[in-house]
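Participant: Dropping the structure in here first, questions after.
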């Protein structure tokens, strides 16, 4: 079940409202959580300080170029380093340019099309979109003035190495 507005008002909405008041030059949100709670919170804010990198329309999906752009916008991105329950590979995907569909949280029995780094993953990501997400994370660590971790248990060795090398 998606969270209710009342639940979000007790958790994520105060945080995102604070971040959106101009207290920080830029806000990027990184998570290893698969659920859709952060998206639900950002979706309720008309002036959310963080973009989800979504493409709307007939074929809703993820715009990977938002993470690859070398001159990112002043608005940060929500980066789901381990993927999301509602992402899957679409037709026309290649290893370098995956077509990432969103809005499909029901599991259809095909782990190969599901864009999730399952628990127990260790090592450097070797496929997109995870390569781009982790590189974006590394770049943002180099310029971050504040870092807040929510839901990350520090068990992903590669993420830990990125943090150690860039802070």
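Numbering (this note's numbering), first residue to last: 9 to 175. Every residue gets a Cβ at the ideal spot worked out from N, C-alpha and C, and that includes glycine.
1. Using the beta-carbon count (16 or more within 10 Å), is residue 67 buried or exposed?
2. Is residue 36 closer than 9 angstroms to residue 87 when the C-beta atoms are compared?
3. For residue 96, count neighbouring Cβ atoms within 10 angstroms of its own Cβ and tell me buried if that reaches 16, exposed if not.
4. Please give the ranges of any alpha helix (DSSP H) in the region 101 to 152, keeping only runs that are unbroken, at least 4 residues long and fully inside the region.
5. Per DSSP, what are the beta-bridge partners of residue 79 in this structure?
6. Can you tell me whether residue 92 is buried or exposed, with buried defined as 16 or more other CB within 10 angstroms of its CB?
7. Buried or exposed, going by whether 16 or more other CB atoms sit within 10 Å of the CB of residue 119?
8. If you run the structure through DSSP and keep just helix, strand and coil, what is residue 8?
9. Tell me, to the nearest whole angstrom, how far the beta carbon of residue 34 is from that of residue 111; I am working on the premise that it is less than 8 angstroms.
10. To the nearest angstrom, how far is it from the Cα of residue 162 to the Cα of residue 147?
11. If I follow the unbroken alpha helix (DSSP H) through residue 1, where does it start and stop?
Facilitator: Reading off the structure:
1. Locating residue 67 in the chain shown gives position 59, where the first residue counts as 1. By the 10 Å Cβ count, residue 67 comes out exposed.
2. As a position in the chain shown, residue 87 is number 79, starting the count at 1. As a position in the chain shown, residue 36 is number 28, starting the count at 1. Taking 9 angstroms as the Cβ cut-off, residue 87 and residue 36 qualify as a contacting pair.
3. Stepping through the chain shown from its first residue, residue 96 is reached at position 88. Classification for residue 96: buried.
4. 138 to 151
5. Along the chain shown, read from residue 1 onward, the residue named residue 79 stands at position 71. Residue 79 pairs with nothing; no bridge assigned.
6. Counting from 1 along the chain shown, the entry for residue 92 is found at position 84. Answer is buried; the Cβ neighbour count reaches 16.
7. The residue you call residue 119 lines up with position 111 of the chain shown. So residue 119 counts as exposed.
8. Residue 8 lies beyond the residue range present for the chain, which begins at 9 and ends at 175; the question has no answer from this structure.
9. In the chain shown, residue 34 corresponds to position 26, counting from 1. In the chain shown, residue 111 corresponds to position 103, counting from 1. So it is not a contact: roughly 27 angstroms between Cβ atoms.
10. Within the chain shown, residue 162 is the residue found at index 154, counting from 1. Within the chain shown, residue 147 is the residue found at index 139, counting from 1. Each residue's alpha carbon lies about 19 angstroms from the other.
11. The structure shown does not extend to residue 1, since the chain is modelled only from 9 through 175, so no value can be given for it.
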